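Residue numbers (the numbering used here), protein chains in the order written: chain A, 310 to 458; chain B, 48 to 263. Below: the structure, in structure tokens.
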Amino acid sequence: MFEDKDIHDIFEHANVENEDWLQPSDKIFPNIEAAIYSKKRDRWLWVLLPFIFLIGGTLTYFYLNESTEETIITHQQSTANLNSKKQHQDDLSVNKDFSNITRSNQSNEIQKNSRTILNKQATKLEKDNQSLLSKDLAKKINEPNTTPF
Amino acid sequence: MNIQRIAIPAGRVSKKEINGILADTNQALQTKQTDIEIIHAVLSGSKPAFRTLYERYAKNHLLTCLRYVKNKIDAEDVLQDAYILIYRDLKQYDATKSKYITWSNKVVVNTCLMHLRKNNILKFSEDINDVAFQMPVNENAISALSLKELTQLITQLPKGYRTVFNMFVIDGYSHREIAESLQISISTSKTQLLKARRMLQQNINNQHYTKPQNHV
Chain A
310 MFEDKDIHDI
320 FEHANVENED
330 WLQPSDKIFP
340 NIEAAIYSKK
350 RDRWLWVLLP
360 FIFLIGGTLT
370 YFYLNESTEE
380 TIITHQQSTA
390 NLNSKKQHQD
400 DLSVNKDFSN
410 ITRSNQSNEI
420 QKNSRTILNK
430 QATKLEKDNQ
440 SLLSKDLAKK
450 INEPNTTPF
Chain B
48 MNIQRIAIPA
58 GRVSKKEING
68 ILADTNQALQ
78 TKQTDIEIIH
88 AVLSGSKPAF
98 RTLYERYAKN
108 HLLTCLRYVK
118 NKIDAEDVLQ
128 DAYILIYRDL
138 KQYDATKSKY
148 ITWSNKVVVN
158 TCLMHLRKNN
168 ILKFSEDIND
178 VAFQMPVNEN
188 AISALSLKEL
198 TQLITQLPKG
208 YRTVFNMFVI
218 DGYSHREIAE
228 SLQISISTSK
238 TQLLKARRML
248 QQNINNQHYT
258 KPQNHV
């Protein structure tokens with residue numbers, strides 16, 4: 310039987326430099342390199358991925374926020390315009406009503422005033438008539454009886 | 048660190064010349080740098096250094112793969128996987144404990160075992176007929192064999208025998224380590240080794256007697 314040591318030494322101290330049958334094919338190293346460096350790239354990608362998400366998320370948040378603010382402002386503006394239009398219309402109708410009311414009030418007042426004035430005049434005339442009558446009557450009473458009965 | 052001077056042509060440099068310079072650089076790195084220097088360069092991110100490391104030991108590692116896997120295409124696949132693992136684990140390598148070739152060879156052996164396990168190749172049948180028939184032992188039989196012939200004789204062994212034989216005789220594992228690694232009992236490991244030895248002896252003798260002798 311052979312000695313284990315003999316076989317061990319043959320492989321341990323083998324000079325493989327001139328053993329061309331042991332030359333790996335040319336595609337092996339490029340495959341190894343591709344696997345190693347693509348893995349490295351992948352590792353970087355995994356490291357960078359959270360940052361990419363964070364930045365992307367922040368940008369999206371700001372973009373959405375800005376557009377929401379713009380929408381709100383536009384909405385507020387349009388609402389304000391609508392409100393002002395409505396207000397204007399309301400004002401116009403109120404003014405119209407108010408002018409109608411004022412007009413009727415004014416005519417009522419004029420009527421009232423004229424009636425008051427007329428009443429006053431009538432009262433004064435009556436008072437004047439009465440005083441004249443009383444004066445005539447007193448004069449007639451105080452006058453001596455000149456006429457024979 | 049000694050680096051050989053490489054002549055760079057003046058003026059415009061063609062692609063062919065660039066390839067020539069790169070080849071010279073690789074050769075210079077291969078011949079001058081020690082394993083530790085190359086490993087430091089690889090760890091600091093040098094791609095040419097990793098190529099140098101590969102080119103320096105790829106043949107040794109392919110030989111290991113061929114002892115376990117038999118088929119060259121499969122052996123190259125295993126070598127590829129092993130080098131990816133070597134690159135990944137290179138920072139764990141401790142130069143004070145072992146040589147790079149010893150450490151990297153262990154990674155290659157483990158990758159071979161992983162490949163055998165993954166493909167369900169490892170089967171240890173106890174009832175294979177013992178190789179009882181023994182031929183007369185020729186002392187010069189082994190020394191007369193080339194590395195290629197001896198590797199071929201080992202790869203002719205059944206997979207279970209071959210794995211245990213490679214691990215115990217060539218790669219220096221103990222029966223306990225083999226048993227743990229292959230999930231078999233220590234006695235199975237011993238039996239497989241004994242049968243492997245006998246079968247290999249028979250194969251060596253066959254090879255020796257069938258080989259044409261050179262008469263002076």
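We treat Cβ as the ideally placed atom computed from N, Cα and C, and that holds for glycine. Predicted model only: the values in this text are computed from it and were never measured.
Chain B places no beta carbon closer than 8 Å to that of D335 (chain A), leaving this residue out of the contacts. In chain order, K106, N107, L110 and L194 make up the part of chain B whose C-beta sits under 8 Å from the C-beta of V325 (chain A). Listed in chain order, the positions of the stretch 339-366 of chain A with a beta carbon within less than 9 Å of a beta carbon of chain B are N340, I341, E342, A344, I345, Y346 and K348.
Rounded to the nearest angstrom, the gap between the Cα atoms of A88 (chain B) and I148 (chain B) is 17 Å. Note that the C-beta distance between T158 (chain B) and A191 (chain B) is not below 8 Å. If you look at H317 (chain A), you'll find it in the alpha helix (DSSP H) that goes D313 to E321. Y220 (chain B) carries a coil assignment under DSSP once its states are collapsed to helix, strand and coil. In the three-state scheme derived from DSSP, where H, G and I count as helix and E and B as strand, D399 (chain A) is classed as helix.
Annotation: L109 (chain B) to R103 (chain B) spans about 12 Å, alpha carbon to alpha carbon.
Taking 8 Å as the cut-off, the Cβ atoms of I133 (chain B) and S151 (chain B) count as close.
If you draw a straight line from the Cα of I233 (chain B) to the Cα of G365 (chain A), it is about 59 Å long.
Within chain A, the residues placing a beta-carbon under 7 Å from that of V216 (chain B) are D313, I316 and H317, ordered along the chain. Relative to the Cα of N324 (chain A), the nearest Cα in the group B:K195, B:S228, B:L100 and B:A226 belongs to B:K195.
Q248 (chain B) counts as buried, since no fewer than 16 other beta carbons sit within 10 angstroms of its beta carbon. Boundaries of the alpha helix (DSSP H) harbouring N157 (chain B): Y147 to K165, taken from the DSSP string. Collapsing the DSSP output to three states places K144 (chain B) in coil.
Taken through DSSP and simplified to helix, strand or coil, T81 (chain B) comes out as coil. The alpha-carbon separation between E375 (chain A) and K94 (chain B) amounts to approximately 48 Å. Using beta-carbon distances, Q385 (chain A) does not count as an interface residue toward chain B, since no partner is under 8 Å.
Only residues of its own chain outside the window of five on either side were considered, and among them V89 have a CB closer than 6 Å to the CB of F97 (chain B), listed in chain order.
Neighbours of Y220 (chain B) across chain A, judged by C-beta separation under 9 Å, do not exist; the nearest C-beta is about 12 Å away. F371 (chain A) is outside the set of residues whose beta carbon lies under 8 Å from a beta carbon in chain B. With contacts defined by Cβ atoms closer than 8 Å, I83 (chain B) and L137 (chain B) do not form a contacting pair.
For Q199 (chain B), not one C-beta of chain A is nearer than 8 Å to its own C-beta. Under a criterion of Cβ atoms nearer than 7 Å, the residues of chain B adjacent to L331 (chain A) are, in order, K106, L109 and L110. When 8 Å is used as the limit between beta carbons, I189 (chain B) is near these residues of chain A: F311, D315, I316 and I319, in chain order. Look at the stretch 121-139 of chain B: the residues with a C-beta under 7 Å from a C-beta of chain A are E123, L126, Q127, Y130, I131 and Y134. Interface criterion not met: the Cβ of Y115 (chain B) is under 8 Å from no Cβ in chain A. Taking the CA atoms as reference points, T111 (chain B) sits about 40 Å from L358 (chain A).
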